[in-house]
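Per the numbering used here, the sequence shown starts with residue 402, numbered consecutively.
We treat Cβ as the ideally placed atom computed from N, Cα and C, and that holds for glycine.
This report refers to the structure that appears directly beneath it.
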Amino acid sequence: MTELFINVSNIISPLCYSIMRIEPYTSCNFNCTYCYARWYREQGVPQPKYNVLHDFLKIAKTIHKKQLKPLPIRLSTLVEPFQPIEYDEKISLKVLEIAYRYNYPVIVNTKSTLLIRKPWLSMLVDMADRGLVVVQYSFSTFEEKYHKVLEPKAPTPEERVEAAGFLSDEGVPMVFRISPYIPEITNSIGFKAIAKIAKECRVKHVIVESIRLTEKEFSKVYSVLGLSVPPLEKYSLRGEGELLRLSLEMRLRHYMQMVRELKTYNIGFATCKEGFYNLHSVSDCCGFYLFNKPAAKRITLYEYFLEAQTRDIELNLIEEIHSKLCKKHNALCSHSVREYPRTMKEPLKYHEKRLLKILKDPKTLLKVAPVFTIYRDKLRVKHVV
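Here you go:
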């Protein structure tokens, strides 16, 4: 599978729209203590990845030439795209320039403040004028005392908030990404205060993804900060491995509190890779709806959630139902990717195949998306709020 696509998995394949990504550097010098990306990428001094420019250019040109709907690409998932090396190498800037030239929508995920400096700022504003960019500013805490411990090499929360507000004023669509969400640390200022900050930055919606670490790492983080470790559960769908995450009950309780506060300012909410669709108040978690240019979307469990709100879904007819959902949502599915580059259509087919496999595996399905329940081989929405 091409490097521009996230690998197929039981989490990504059923839940994520933005399965295309660009990692402009080999590693990240922010070195946040909670970073899960270290399990998937190189360590050491960041080096530029020039090959991603060639790969992205080839796809962007083909999509543009054939006048196909582009599948938005994320910059990035495993490294900070605007870390200090970007000042000299400008790989991320070149990615944005390619996207602008060929009208390709980009989701920027960052903690950096380099974005508000030229030439990056000018490029983002130009892209925003065409409706080609969404910026997600990432936060794990809004307090300096926790920032110093968790992410000392990244810009402070205050600097990020200021940069987010500045970009919003320049017309760049803004999303807050609370990732990872760490109880007592992320919400130390209170959900009401977080919602107020989001309002002041003209944020369109807030995405939340809970922290996942080993038991030893959880103990280390919380003990250093003088806090008690919260209730945890296995992250693995099969209960294997050492990774843990916040308990289902705690995640639901905290997210519901955040939803209530955000609603007072008419700010949307979504979870990332959690499957709490009943809490979502935007049409997609990633922010595709903020692009002016029509963007391609794949079918995820969210489309099944929408369908299950109106009728029970018979799991023994899942292929037939999937085909109907593809047509209903005009989505990128295995039968509709013929004109797309091979480097795109093969990964899309693999992700779709895994989604369908999970829909036929009740135990895995209910773990991936706790909003569902199954009764007599029929998929239903479980009202957990």
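Option nearest residue i by Cα separation, candidates the options
| i | options | result |
| --- | --- | --- |
| C687 | S735, V576, Y776 | V576 |
| E675 | S648, L522, K698 | S648 |
| G572 | P556, R561, S611, M524 | M524 |
| I579 | V625, K758, T511, K621 | T511 |
| T774 | P485, Q710, S493 | Q710 |
| T403 | M659, L454, R781 | L454 |
| I759 | K725, R777, E720, K783 | E720 |
| T615 | E424, C436, N588 | C436 |
| C673 | R613, L691, Q658, C727 | R613 |
| S539 | R531, A529, A564 | A564 |
| S611 | A594, L691, M651 | M651 |
| A594 | Y666, R781, L757, F689 | Y666 |
| S513 | R531, V562, A529, F689 | V562 |
| Q658 | L733, V782, R531, P584 | P584 |
| R781 | M528, R755, E704, S624 | E704 |
8 angstroms contact criterion, which residue i and residue j should meet: CB distance rounded
| i | j | result |
| --- | --- | --- |
| V480 | S410 | Contact flag wrong, Cβ pair sits at about 19 angstroms. |
| P471 | A697 | 6 angstroms |
| F457 | L405 | 7 angstroms |
| Y390 | V609 | The question about residue 390 has no answer here: the residues shown for the chain are numbered 402 through 786. |
| I460 | P742 | 6 angstroms |
| L515 | Y488 | 7 angstroms |
| I492 | Y426 | 7 angstroms |
| N432 | K617 | Not really, about 18 angstroms apart at Cβ, beyond 8 angstroms. |
Beta-carbon spacing of residue i, residue j below 8 angstroms
| i | j | result |
| --- | --- | --- |
| K750 | L533 | no |
| L645 | K635 | yes |
| F677 | L653 | yes |
| I420 | I413 | yes |
| K467 | E740 | yes |
| V769 | L626 | no |
| F670 | S684 | no |
| C602 | G642 | no |
| R712 | E753 | no |
| Y503 | H465 | yes |
| S541 | E552 | yes |
| V365 | L476 | Outside the shown range of the chain (402 to 786) lies residue 365, about which nothing can therefore be said. |
| V390 | F706 | In the structure displayed, the chain extends from 402 to 786; residue 390 sits before or after that span and is not available. |
| I474 | Y451 | no |
| T793 | V622 | Here the chain covers residues 402 to 786 and nothing more, so residue 793 does not appear. |
| F592 | E662 | yes |
| V535 | P574 | yes |
| E490 | P556 | no |
| K746 | V738 | yes |
| E708 | L680 | no |
Contacts around residue i, its chain only, beta-carbon distance under 7 angstroms, and the 5 residues preceding and following it disregarded
| i | result |
| --- | --- |
| I668 | A596, A599, K600, V604, H606, V607 |
| I722 | I714 |
| L633 | F619, L645, R646, L647, S648 |
| R422 | L405, I407, I474, R475, S477, T478 |
| K761 | L716, I719 |
| P485 | N430 |
| L469 | E740, Y741 |
Bridge partner(s) assigned by DSSP for residue i
| i | result |
| --- | --- |
| N510 | Q537 |
| L476 | V509 |
| R422 | R475 |
| K779 | E715, Y776 |
| V576 | Q537, H606 |
| R699 | L733 |
| G669 | H606 |
| L458 | Paired residues: none, contrary to the question. |
| R798 | Residue coverage of the chain in this structure runs from 402 to 786, which leaves residue 798 outside it and unanswerable. |
| P449 | Y426 |
| K635 | L645 |
| T615 | L644 |
Close-in-space but distant-in-sequence residues of the same chain around residue i (CB under 8 angstroms, 5 per side omitted)
| i | result |
| --- | --- |
| V446 | S428, N430 |
| K779 | D713, I714, E715, L716 |
| L494 | E487, P520, W521, M524 |
| I590 | F543, E544 |
| I499 | L454, F457, L458, A461, Y505 |
| S569 | M575, C602, R603, V604 |
| Y776 | D713 |
| Y690 | V683, S684 |
| L767 | F773, T774, I775 |
Neighbourhood of residue i by C-beta distance below 6 angstroms, restricted to the same chain and skipping five residues each side
| i | result |
| --- | --- |
| L497 | M524 |
| S735 | K750, E753 |
| Q537 | N510, V576, R578 |
| C417 | none |
| N408 | none |
| T744 | T403 |
| E424 | S477, L479, V480 |
| F692 | P506, G532 |
| R755 | V409, S414 |
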